[in-house]
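What follows is one structure encoded as structure tokens, with my remarks underneath.
Protein chains: 2
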Amino acid sequence: MMKEAKIPDATIERISLYSRPLERILERGVAVVSSEQLARFCRVNPAQVRKDLSYFGEFGVRGIGYNVRDLLREIKKILVSDREWRLGIVGLGNLGKALVQHENFLNRGYEFVAAFDVDPAKIGFRLPGGLVIEPPSKIQPLTRSLAIEVGLIATPPEEAEGVANLLVHAGIKAILNFAPTQLRQRKCCLVENVDFTVTLDNLAYHVNQRVKEGS
Amino acid sequence: MMKEAKIPDATIERISLYSRPLERILERGVAVVSSEQLARFCRVNPAQVRKDLSYFGEFGVRGIGYNVRDLLREIKKILVSDREWRLGIVGLGNLGKALVQHENFLNRGYEFVAAFDVDPAKIGFRLPGGLVIEPPSKIQPLTRSLAIEVGLIATPPEEAEGVANLLVHAGIKAILNFAPTQLRQRKCCLVENVDFTVTLDNLAYHVNQRVKEGS
Chain V
-11 MMKEAKIPDA
-1 TIERISLYSR
9 PLERILERGV
19 AVVSSEQLAR
29 FCRVNPAQVR
39 KDLSYFGEFG
49 VRGIGYNVRD
59 LLREIKKILV
69 SDREWRLGIV
79 GLGNLGKALV
89 QHENFLNRGY
99 EFVAAFDVDP
109 AKIGFRLPGG
119 LVIEPPSKIQ
129 PLTRSLAIEV
139 GLIATPPEEA
149 EGVANLLVHA
159 GIKAILNFAP
169 TQLRQRKCCL
179 VENVDFTVTL
189 DNLAYHVNQR
199 VKEGS
Chain H
-11 MMKEAKIPDA
-1 TIERISLYSR
9 PLERILERGV
19 AVVSSEQLAR
29 FCRVNPAQVR
39 KDLSYFGEFG
49 VRGIGYNVRD
59 LLREIKKILV
69 SDREWRLGIV
79 GLGNLGKALV
89 QHENFLNRGY
99 EFVAAFDVDP
109 AKIGFRLPGG
119 LVIEPPSKIQ
129 PLTRSLAIEV
139 GLIATPPEEA
149 EGVANLLVHA
159 GIKAILNFAP
169 TQLRQRKCCL
179 VENVDFTVTL
189 DNLAYHVNQR
199 VKEGS
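Chains as they are written, first to last, in this note's numbering: chain V, -11 to 203; chain H, -11 to 203.
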């Protein structure tokens, strides 16, 4: 069913975004959704929804919409979110603790299996949920023995690059960096920097557009 | 200098993303950057960079690159990040506390001027940085008196929609929701839901693509 075209990153992110309201729609027992409805939920335009979904084959029936269950199953297959991913996190300050406890991760098949911090006062501490904070020297052995695929970094900015090196040496496949610094890209490992202010910039831009348009 | 074309959301977010490495490049005293360099920093392709920047006029010199200082100034003008934005936050658990202390916000001109929580045990508590946690009854008067434009929500999911209503009634212009639930859209106010797992889905997709390609 899946076309083998090169799919843009932005499409992958929107596809993931579409799955959120689809899950709620399915829970409510609704069988069919239109591109207009899906677009409204996700604040994109309907033509964009149709274009994004067209990469993955023909789900839709013109003038009717998409079968919610089929669409969701296909999206999960595309995103490989029909399986579990094992995460390790480094840095258990407020942000790290918030991430470990955030309900969305487990709901989406992302399970934290290890937590690391440099602070001796934190090592050995048991987090809500049961994980015990380990020292950085355990990053390599635990990444291997627990088959951790993705590492999250929530350290202060000056520690992030060093932590990324430790994760890379341990054979991690991908890094999601929440520290307020941009990690450099590596060949062996995917690196994604999360910056909340990018989203705020986008909101600020639109607030200003609205003011200009006088709405 | 700025064209009056309708600029896609994805372009706005990438423009904001480009400004991050540009600031570091400028600090290092580099005068010119190529679309290839900028693309590598931001993990997009060079044609995309050129296309995005073309919305805003002619910055580049073919075969040479972009003047870093001019480009950055123009981006800040576009994003309206050359002024201060006043933020209020509701929900001071781990995530809320992490957001208030996150260095990137202030660096980008986003200043938290008020913090609210329903928990009586937290009200009156002074956060690092000096903000005192206020009860929800203060959302309306403080949003007005402090001219808060953007509200961040970091409450448990079941409280988020009610909090959004309070912010909307107080006349807020935009909401950035970090609670693990999708807030419904409102006409009077921009609502953006932040979901970390969307980024994780994207990483997971690419990890899998690499495995498939055998790299």
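Note that beta-carbon positions come from the ideal geometry of N, C-alpha and C, so glycine has one too.
Bear in mind that the values here come from a model prediction, so they are computed numbers and not experimental data.
Item	Value
Roughly how many whole angstroms lie between the Cα atoms of Lys161/V and Ala27/H?	22 angstroms
What does a CB cutoff of less than 8 angstroms around Lys126/H pick up in its chain, not counting 5 residues either side in sequence?	Ala102 and Phe104
Suppose contacts are defined by Cβ-Cβ distances below 8 angstroms. Is Leu5/V in contact with Val21/V by that definition?	no
Would Asp40/V and Asn190/H qualify as a contact pair, given that the criterion is a beta-carbon distance under 8 angstroms?	no
Of all the CB atoms in chain V, is at least one closer than 8 angstroms to the CB of Ser22/H?	no
Look at Ala192/V and Asn165/V and say whether their C-beta atoms are less than 8 angstroms apart.	no
Say whether chain H places a C-beta atom closer than 8 angstroms to the C-beta of Asn196/V.	yes
Counting pairs of beta carbons, one from the region 51 to 69 of chain H and one from the region 111 to 131 of chain H, are three or more of them closer than 8 angstroms?	no
Have a look at Gln170/H, Val186/H, Thr185/H and Thr187/H and flag the residue whose alpha-carbon is nearest the alpha-carbon of Val179/H.	Gln170/H
Identify whether Val18/V lies in helix, strand or coil by the three-state DSSP scheme.	coil
State whether the region 62 to 72 of chain V contacts the region 128 to 139 of chain V, with contact taken as three or more CB pairs (one from each stretch) at a distance under 8 angstroms.	no
Closest to Ala109/H by C-alpha separation, out of Gly81/H, Gln128/H, Arg31/H and Asn92/H, would be which residue?	Gly81/H
With 9 angstroms as the limit, tell me which residues of the region 178 to 196 of chain H have their beta carbon closer than that to any beta carbon of chain V; keep them in chain order.	Leu178, Val179, Glu180, Asn181, Val182, Asp183, Phe184, Thr185, Val186, Thr187, Leu188, Asp189, Asn190, Leu191, Ala192, Tyr193, His194, Val195 and Asn196
Which stretch, first to last residue, makes up the beta strand (DSSP E) that contains Ile77/H?	Trp73 to Val78
Here's the rule I'm using: 16 or more other beta-carbon atoms within 10 Å means buried, otherwise exposed. How should Pro168/V be labelled?	buried
Can you find a CB in chain B that lies within less than 8 angstroms of the CB of Phe93/H?	Here chain B cannot be found, since the structure's protein chains are V and H.
Which value, in whole angstroms, describes the spacing of the CA atoms of Arg8/H and Arg2/H?	10 angstroms
Got a sec? Which residues, its chain only, sit under 6 angstroms from Leu130/H by beta carbon, not counting five neighbours each side?	Ala102
Which bits of chain V does Ala152/H rub up against, with CB to CB less than 8 angstroms?	Here the premise fails: no neighbours, minimum Cβ distance about 14 angstroms.
Is DSSP giving Glu137/V helix, strand or coil here?	coil
Please classify His157/H: is it buried, with 16 or more other beta-carbons within 10 angstroms of its beta-carbon, or exposed?	exposed
Roughly how many angstroms separate the alpha carbons of Phe29/H and Trp73/H, rounded to a whole number?	27 angstroms
Closer than 8 angstroms, CB to CB, is Tyr43/V near chain H or not?	no
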